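Peer 1: Once you've had a glance at the structure underneath, I'll fire off some questions.
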Amino acid sequence: MSENQVIENQPIITAKDFKSDQEVRWCPGCGDHAILNAIQRALPELGYKKENFAFISGIGCSSRFPYYMNTYGFHGIHGRASAIASGVKVANPKLSVWQITGDGDALAIGGNHFIHAIRRNIDVNIILFNNEIYGLTKGQYSPTSKFGAVTKTSPYGTVEHPFHPGELVIGAQGKFFARSIDGNLKLSQEIFIEASRHDGTSVVEILQNCVIYNDKTHAALMDKEHKEDRTIILKHGEPMVFGKNNDKGLVLDTKNLKLKVVQLGDEYTEKDLLVHNAEEANPGIHLMLANMRYPEYPVAFGVIRKVKDQTYDKAVKAQVDDVRSKSKFKCMDDLLRSGTTWEVK
Amino acid sequence: MSKRANAIERKNAVIRFSGDSGDGMQLTGTLFSDTSAFIGNDLSTFPDYPSEIRAPQGTIGGVSGFQVHVGQTQIKTPGDYADILVAMNPAALRANAKWVKEGGTIIIDEDSFDEKGIQKAGYKTNDPILEDKLDRFNIIKAPISSLTKEALKDLGIDPKSILRSKNMFALGMVYWIFDRPLEYTEKYFEKKFAKKPLVIEANKLVLHAGYNYAETVEHMAPSYKVSPADIDKGTYRNISGNIATAWGFIAAAEKANLELFCGSYPITPATEILQELSARKDMGVKSFQAEDEIAGICTSIGASFAGDLAVTTTSGPGLALKGEAIGLAVMTELPLVIVDVQRGGPSTGLPTKPEQSDLMQALYGRNGESPVAVIAASTPSNCFHYAFQAAKIAVEHMTPVILLTDGFIANGSEPWKIPAMAEYPEIKVPRVKEGTQNWNPYARDVEKLARTWAVPGTKGLEHRIGGLEKDELKGSVSHDPVNHEKMVKIREEKVQRIANFIPELKVEGKQNGDILVVGWGGTYGHLATAVAELNEAGKDIGLAHFNYIKPLPRNVREVFAKFKRIVVCEINLGQFADYLRMNLPEFKYLQYNKVQGLPFTVVELKAHFEKLMEE
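In order, the protein sequences belong to chains C and L. Counting in the numbering used here, the first sequence runs from 25 upward without gaps. Counting in the numbering used here, the second sequence runs from 71 upward without gaps.
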């Protein structure tokens, strides 16, 4: 985000203004539709000029996303969206740059670019659609497929451990990590706004359902009866309470140095619970929260980590401006004539 | 400079400095070159260093060399064989003796020829001169190390620092042989070590000690006189191919009024371009050292989409990794320059040695029908011109352009008459203005077939592009079979039409007759020298050297038809010859190829052409 994106006295833009003329061609029932809606609703609230948005993607079902947005958009090649987006942002830091990617695009073929974009803390909003499967190639396992997943390329079950995006982001010195689920439009929308306003690489993992090749992979977390007992929505500054009746919470088991789910009542009250501090620079608790998995723990939603730090794009610009302003070269002719020269008469 | 009665007049001379990679031979060679340039010689230089940073001291693998060719006539190559070889240790002698002219002089540091040093160099006996039959050369055994110590004994500096300046002793000797003034080198010391007066003094003392030593052994040392060359008036500087390439892009960005972005990953022998562009933040350059070759080009594509003049620099292995992304730039029709400083391949191959074996990769090494413009620089200094031209073509024709150089011209350097930017053409950017109505991303200029460039941040021109096939006008995704074929043809035709905007092919030497030598890229110096020398001897031979490869200049057919025989000379197995066979099948192409990680020599080229003429 940047000050110069803010508009003054201009017509109010709405979600509709962000819809392109292209027919949306994801499968009926695909989680992507909801994510598209959530982003189109979030953008008008940011108050940036429409022409200052750029959506960049790689390859995969999710990467069709830019075609459906009436903004500047670039549909790249497999795995390279982080690199393309980095180039866009460095070339023009005034833009609000969004990268749309999936678990294969970002964590398999594009893993290298993903971690390095995060390490640099370049101001790009990376929206990672995690459906734990390769959809566009019709059903092979991905780097986030659960251990033992039976897919077309693992008919006897996978024998490899999945990546957990949050763990990877924090391991790559990520400063912003949030998680939502396709079915929770309101939460996703709030997170997108917060991600965009954060200066630096913001990674938002959206648990997304692939209705054709990996249906119901996140169903336990969407189940109407139980979802509140199986997930926790973290809010900065608030105690970590969850459950249908707000009767559960998280404490730090200091003996084993791990999180513990407790029942509120006689033994524990809300005062005993951890209070979420997304802005803590030390990633210890954030990593534990990001790694909570059902059924041992509730799965954490919301902004898990949000820490201020210098961004790459601003640092590059500041350095170029600084060096340029002190430079003795005003133009190319000066450079050509610099250093040792001699006259031939 | 003293007048010397016995000095031998020479049109040109070649000096090769060699030693351990820590001996400072590159600096020694550079200082000699600078002094020669200041007194008005034309010259050409080439550094020859190992790919290991610090191979074990005293071994062949650790030998570093620097060759300079000075002359009073036009000098186009660093020279085949050396008149003077400086060998600071036995390994340097062993690695370089084969490059000395018959009857040439070899200066060795006698002190380094102890048993251990001789053994490390891999000699089997303790007399390298006899063992390698070097007694046919004029050998000057100078106690360089001990005389350096002697010269500095009263300065109170540590022994290690003392030995570090022994290269200046050798330089002093060579200065005496060529009767060169020491003042330019002394001025260099004064500037370089402004804050270390002791270092200035030490270097001056050693330089003079070397000069005086050569004078006292006068009976052994030859004395040469190479007078100033008759070259164009003007202001000159020395420049290497890699620096010239970097500067060409900065110049193009200035003419186009665009910001310059370079996303790259370090790779030998191209790294220096990225280094120079990183240093040129003082000219506003944005450099991005990417995590890999693919990110190098992809960040550049992103920057191009966002409206910068974007370049990426690499060598053969990196070009292979960039292939898919080059296709993306072809499809999105964005301006982008990809520099390939070619080296010996395949795979890691010979990282520090030149070759011309990436031509087919540059032309065809991608999936799909993926045409790009391919141009090649041919001398260290004209890398500036062709980098500028590559950027101009990329922007004005909205296409990726591959600029080929090679390790030879990239690292080689020569004096360059500094151009004035006012003499360079303008670069017209096909930018779409805000407020343009009914704009279509893939609508084209009728002459060039180039599309227009609307950049993010421009109100009302929001659009989407990407790697999927495009509708011929709107640029939206199209899987229509007929549209696809049309687009494939348009992309090819767009690149072919660049031929209408580039200069025609020129012939040097004889304009028609028996033999036309055909070359491209970095072999120019050797080919031009060989052809010029044969012309002087009255031979019926001309040279057509290509800088524009795809598209070819319009008049190639016309040029080829004027000669009886065409011989295509390349540092590969015949890639350009095959390309010509494909494009101009009506001619017969003879080939002359060499793939040793070495440039041609003028001697071998002349011998080959003379043999051809006898047939």
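Where is the CB? At the ideal position from N, CA and C, for every residue including glycine. What you are looking at is a predicted structure, and each value in this text was computed from that prediction instead of being measured.
#1: Kindly say whether residue 147 of chain C, judged by its beta-carbon, lies nearer than 8 Å to any beta-carbon of chain L.
#2: For a test of the three-state rule: what should DSSP assign to residue 242 of chain L, helix, strand or coil?
#3: Any contact between the stretch 430–441 of chain L and the stretch 288–302 of chain L? By contact I mean 3 or more CB pairs, one from each, below 8 Å.
#4: Under 7 Å Cβ to Cβ from residue 363 of chain L, same chain only, skipping five residues before and after it: list those, please.
#5: According to the Cβ coordinates, are residue 112 of chain L and residue 135 of chain L closer than 8 Å?
#6: Please confirm whether residue 320 of chain L and residue 350 of chain L have their CB atoms less than 8 Å apart.
#7: Can a CB atom of chain L be found closer than 8 Å to the CB of residue 360 of chain C?
#8: Just to check my reading of the structure: residue 457 of chain L and residue 318 of chain L have Cβ atoms closer than 8 Å, yes? What is that Cβ distance to the nearest angstrom?
#9: Measure the Cβ-Cβ separation of residue 329 of chain L and residue 491 of chain L and say whether it is below 8 Å.
#10: Taking residue 28 of chain L as part of the beta strand (DSSP E), name the residues at either end of that continuous run.
#11: Kindly list the residues whose CB is nearer than 8 Å to the CB of residue 205 of chain L, restricted to its own chain and excluding five residues on each side of it in sequence; keep chain order.
#12: May I ask you to report which of helix, strand or coil DSSP gives residue 509 of chain L?
#13: Tell me whether residue 200 of chain C is buried or exposed, calling it buried when 16 or more other Cβ atoms sit within 10 Å of its Cβ.
#14: Please report the distance separating the alpha-carbon of residue 126 of chain C from that of residue 515 of chain L.
#15: Can you say whether residue 49 of chain C is buried or exposed, counting buried as having 16 or more other CB atoms within 10 angstroms of its CB?
#16: Would you verify that the beta carbon of residue 264 of chain C is, or is not, closer than 8 Å to some beta carbon of chain L?
#17: Tell whether a beta-carbon distance below 8 Å holds between residue 359 of chain C and residue 526 of chain L.
#18: Counting beta carbon pairs with one atom in the stretch 421–435 of chain L and one in the stretch 359–377 of chain L, are three or more of them shorter than 8 Å?
#19: Specify whether the stretch 415–432 of chain L and the stretch 652–669 of chain L touch according to this definition: at least 3 beta carbon pairs, one from each stretch, less than 8 Å apart.
#20: Tell me whether residue 194 of chain C sits in a helix, a strand or coil according to DSSP, three-state version.
#21: Thinking C-beta only, is residue 379 of chain L closer than 8 Å to residue 465 of chain L?
#22: With a threshold of 7 Å on Cβ separation, who are the neighbours of residue 296 of chain L within its own chain once the five nearest residues in sequence on each side are excluded?
#23: Along the stretch 112–144 of chain C, where does the CB come closer than 7 Å to a CB of chain L? Name the residues.
#24: Quick one: list the residues of chain C neighbouring residue 307 of chain L, beta-carbon separation under 9 Å, in chain order.
#25: How would you list, in chain order, the residues of chain L whose beta-carbon sits under 7 Å from the beta-carbon of residue 161 of chain C?
#26: Taking the beta strand (DSSP E) that residue 599 of chain L falls in, what are its first and last residues?
#27: When you compare only the Cα positions, how much space is there between residue 682 of chain L and residue 661 of chain L?
#28: So residue 398 of chain L contacts chain C; which residues on that side make the cut at Cβ distance below 9 Å?
#29: With 16 other CB atoms within 10 Å as the buried threshold, where does residue 225 of chain L fall?
#30: Looking at the strands, I want to know which residues DSSP matches up with residue 484 of chain L.
#31: Specify whether the stretch 638–645 of chain L and the stretch 579–596 of chain L touch according to this definition: at least 3 beta carbon pairs, one from each stretch, less than 8 Å apart.
#32: I'd like to know whether the C-beta atoms of residue 266 of chain C and residue 322 of chain C end up nearer to each other than 8 Å.
#33: What does residue 90 of chain C touch in chain L if you count any residue whose Cβ is under 8 Å from its own?
#34: Between the stretch 494–502 of chain L and the stretch 536–546 of chain L, are three or more C-beta pairs nearer than 8 Å?
#35: Nearest CA to the CA of residue 182 of chain C: which residue from C:316, C:77 and C:174?
#36: So is residue 550 of chain L in contact with chain C if we call contact Cβ pairs under 8 Å?
Peer 2: In brief:
#1: no
#2: helix
#3: no
#4: 335, 384, 388, 391 and 392
#5: no
#6: yes
#7: yes
#8: 3 Å
#9: no
#10: Only positions 71 to 685 of chain L appear in the structure, and residue 28 of chain L is not among them; the question remains open.
#11: 199
#12: coil
#13: buried
#14: 37 Å
#15: exposed
#16: no
#17: no
#18: no
#19: yes
#20: helix
#21: yes
#22: 80, 82, 83, 111, 140, 141, 142 and 248
#23: 112, 114, 115, 116, 118, 119, 136, 137 and 140
#24: 360, 361, 362, 363, 364, 365 and 366
#25: Those do not exist, as residue 161 of chain C stays about 16 Å from chain L at its closest Cβ, beyond 7 Å.
#26: Not the beta strand (DSSP E): residue 599 of chain L falls in the alpha helix (DSSP H), residues 594–606.
#27: 11 Å
#28: 100, 101, 104 and 108
#29: exposed
#30: L:309
#31: yes
#32: yes
#33: 534 and 536
#34: no
#35: C:174
#36: no
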